[in-house]
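Peer 1: In this note's numbering, the protein residues as written are 253 to 396.
1) Identify, in the order they occur along the chain, each residue of the same chain with its Cβ nearer than 7 angstroms to the Cβ of residue 278, setting aside the five sequence neighbours on each side.
2) From which residue to which residue does the alpha helix (DSSP H) around residue 305 run?
3) Give the C-beta separation of residue 268 and residue 288 to the nearest angstrom, bearing in mind that I take them to be a contact with Cβ-Cβ under 8 angstroms.
4) Could you give the DSSP three-state label for residue 278: helix, strand or coil?
5) Mapping DSSP to helix, strand and coil, what is residue 267?
6) Counting C-beta neighbours from all protein chains within 10 Å, is the total for residue 273 16 or more, i.e. buried, or is it exposed?
7) What did DSSP end up calling residue 329 once you bin it into helix, strand or coil?
8) Is it right to say residue 260 is buried, meaning 16 or more other beta carbons lie within 10 angstroms of its own, or is it exposed?
9) Does residue 298 come out as helix, strand or coil in the three-state DSSP assignment?
10) If we count the other Cβ atoms within 10 Å of its Cβ and call it buried at 16 or more, is residue 394 buried or exposed?
11) Is any heavy atom of the ligand MG found at a distance shorter than 8 angstroms from the C-beta of residue 393?
12) Just verifying my parser: in three-state terms, what is the DSSP assignment at residue 345?
13) Leaving out five residues on either side along the sequence, give the residues of the same chain with a beta carbon under 7 angstroms from the beta carbon of residue 282.
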């Protein structure tokens, strides 16, 4: 029989904890994870997500989770992520392009009565979008 060894407010935290316990050889599972996966608002209704472990492994599982909460597994090494101001203009242009592409595609579809007008301006919209993607990194590089 399984008993609760930890309770978490987020599905991802609970899955990470269960994965850590599994990597230590403990047969841990997240209770109700299917329910929470379908309806995330149920997390509060069920009182958080329970990480369950077999009776004979519960003490070891709790000890590992206490070590995690104390920060024993964190490293003193800095993150490999760049600082906020170090993002190149090219990456910003690509990000904006990815965000703008669905907007442009959505603008080219729609009601049946105005298809001819949209078809007429679709190539122009694509050319303008590509021009924006090419020019934006250059402008940002000049301004930086």
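Positions of the beta carbon are idealized from the N, C-alpha and C atoms, including for glycine.
Peer 2: Straight from the coordinates:
1) 305, 309, 312 and 313
2) Careful: residue 305 lies outside any alpha helix (DSSP H), inside the beta strand (DSSP E) at 301-306.
3) Wrong, their Cβ atoms sit about 14 angstroms apart, outside the cutoff.
4) coil
5) helix
6) buried
7) coil
8) buried
9) coil
10) exposed
11) The model depicted lacks the ligand MG and carries no ligand whatsoever.
12) helix
13) 266, 267, 270, 301 and 303
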